[in-house]
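Numbering (the working numbering), first residue to last: 1 to 329.
Next comes the structure, spelled out in structure tokens:
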């Protein structure tokens, strides 16, 4: 190896050492006040065979949750073109109003909960441009209907719209920007959250687009690409350093919109054995994930898994995580 290439290798090693030191070594300062909320998906609850209204009510009443990231579904709201049915979503928002809970409302095509993109049958055959026009029509209808609600504190434009996950026909950054500007034109009073992967992104593009950056936070997951479970090696400081970069560059806050609190299985969770579920989530892992989150320096977390806790309690008389969650809230 020539001296020139030795110098290049040495320089690259120095950069690698600096990056590892910055993102993997250190202890973030504890947030003065930490807020925990939950995600809620009507579809996810239904897939478990649950009475989704009962699940939602008990999350609000029994767990006393005051912060909800509420997922909307295009294929439930507009099963037929231009025929909207808001009965279920109206009810969820009314229940939150009765309990003085706050809602982040996720709107668009890719809103979370498998298959991530929820396209009505009638819209699947449309081309990309036609689908996008129908999505804007959906957004206008939702925002106009709920923008006066006192419990909706923020809009979330899609769910991880820049991250290629889920069964979706396309990813279009320019369209996400168009959605955001359109939402702002309809309601300029509320911030817009743009979310991105906590483990596979540095959130720069999300920060350019949104008023608040939302990140996921998973500790152990099934990775289909390698057909195996993966335990993410990132320490709490990894998330803290990235959030500090976002604050310094864009002066924007980072919150966790999806903290892992349910299993991640090779199959759909409601088809997954208890033995398989235990590999990625149980009471011990639940508690560890909560402590991990508290150590990141971030101050707001929406847990993903409340429907699963209710399913364990309701269908299998396993109340340990439900009871632990009650203490948390």
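Ideal placement from N, C-alpha and C gives every residue a C-beta, glycine not left out.
For residue i, report the span of its beta strand (DSSP E) as first-last.
i	result
residue 292	Careful: residue 292 lies outside any beta strand (DSSP E), inside the alpha helix (DSSP H) at 283–294.
residue 196	192–196
residue 212	212–217
For residue i and residue j, which I take to be in contact (beta-carbon distance under 8 angstroms), what is that distance rounded to the nearest angstrom?
i	j	result
residue 337	residue 106	The question about residue 337 has no answer, for the chain in this structure spans 1 to 329.
residue 265	residue 222	6 angstroms
residue 22	residue 40	Actually they are not in contact, since the Cβ atoms of residue 22 and residue 40 sit about 36 angstroms apart, beyond 8 angstroms.
residue 63	residue 326	5 angstroms
residue 151	residue 215	Not quite, the Cβ-Cβ distance comes to about 23 angstroms (not below 8 angstroms), so this is no contact.
residue 306	residue 289	Residue 306 to residue 289, Cβ: 14 angstroms. No contact.
residue 269	residue 308	7 angstroms
residue 293	residue 217	6 angstroms
residue 329	residue 65	5 angstroms
residue 238	residue 24	7 angstroms
residue 140	residue 186	6 angstroms
Counting along the chain, where does the alpha helix (DSSP H) carrying residue i start and finish?
i	result
residue 203	Taken as a continuous stretch (DSSP letters only), residue 203 belongs to no alpha helix (DSSP H), as it is neither H nor E.
residue 157	Per DSSP, residue 157 belongs to no alpha helix (DSSP H); it is in the beta strand (DSSP E), 152–157.
residue 321	320–328
residue 301	That residue, residue 301, is in no alpha helix (DSSP H); its beta strand (DSSP E) goes 300–304.
residue 141	128–146
residue 183	173–186
residue 163	It is not in any alpha helix (DSSP H) - residue 163 carries neither H nor E in the DSSP assignment.
residue 124	121–124
residue 276	274–277
Of all the options the options, which has the alpha carbon lying nearest to the alpha carbon of residue i?
i	options	result
residue 49	320, 312, 321, 324	312
residue 119	138, 298, 307	138
residue 252	232, 213, 240	213
residue 134	185, 122, 324	122
residue 301	254, 162, 117, 274	254
residue 291	42, 191, 235	235
residue 189	198, 195, 153	153
residue 296	244, 315, 310, 317	244
residue 19	267, 241, 279	241
residue 274	22, 315, 143, 247	315
residue 303	29, 34, 224, 47	34
residue 54	248, 95, 157	95
residue 281	257, 247, 321, 258	321
residue 87	146, 30, 110, 102	146
residue 31	299, 205, 141	299
residue 310	24, 29, 45	45
residue 67	27, 99, 231	99
residue 73	97, 318, 115, 218	115
residue 42	219, 283, 111	111
residue 173	279, 278, 206	206
residue 323	175, 25, 58, 29	58
residue 108	263, 233, 155, 29	155
residue 246	204, 90, 224	204
residue 184	170, 157, 200	157
residue 340	166, 192, 219	An answer regarding residue 340 cannot be provided, because it is not within the stretch 1 to 329 covered by the chain.
residue 92	28, 144, 61	61
residue 220	263, 142, 227	263
residue 36	143, 69, 226	69
residue 117	141, 148, 170	170
residue 142	78, 113, 200	78
residue 200	232, 75, 186, 224	232
residue 227	267, 136, 284	267
residue 330	166, 279, 276	As displayed, the chain neither begins before 1 nor continues past 329, which places residue 330 out of reach and without an answer.
residue 47	319, 272, 149, 318	272
residue 89	113, 52, 124	52
Answer yes or no: the CB of residue i versus the heavy atoms of the ligand GTP, is any distance below 7 angstroms?
i	result
residue 42	Absence of the ligand GTP is noted for the structure shown, with no ligands found whatsoever.
Step through the CB atoms of chain D and report whether any lies within less than 8 angstroms of the CB of residue i.
i	result
residue 88	Of the chains in the structure shown, none is chain D; there is only one protein chain.
- Message: At 4 residues or longer, what runs of the alpha helix (DSSP H) sit wholly inside the region 53–115?
- Response: 74–77, 87–98
- Uninterrupted alpha helix (DSSP H) stretches inside the region 221–264 (no shorter than 4 residues): 236–250
- Query: Does the region 68–83 come within contact of the region 125–133, defined as at least 3 CB pairs closer than 8 angstroms?
  - Reply: no
- Are the region 201–216 and the region 168–188 in contact at 8 angstroms, needing three or more beta carbon pairs? yes
- Which residue spans inside the region 17–47 form an unbroken beta strand (DSSP E) run of at least 3? 35–40
- Within the chosen definition, does the region 147–165 reach the region 190–197 through at least 3 CB pairs nearer than 8 angstroms? yes
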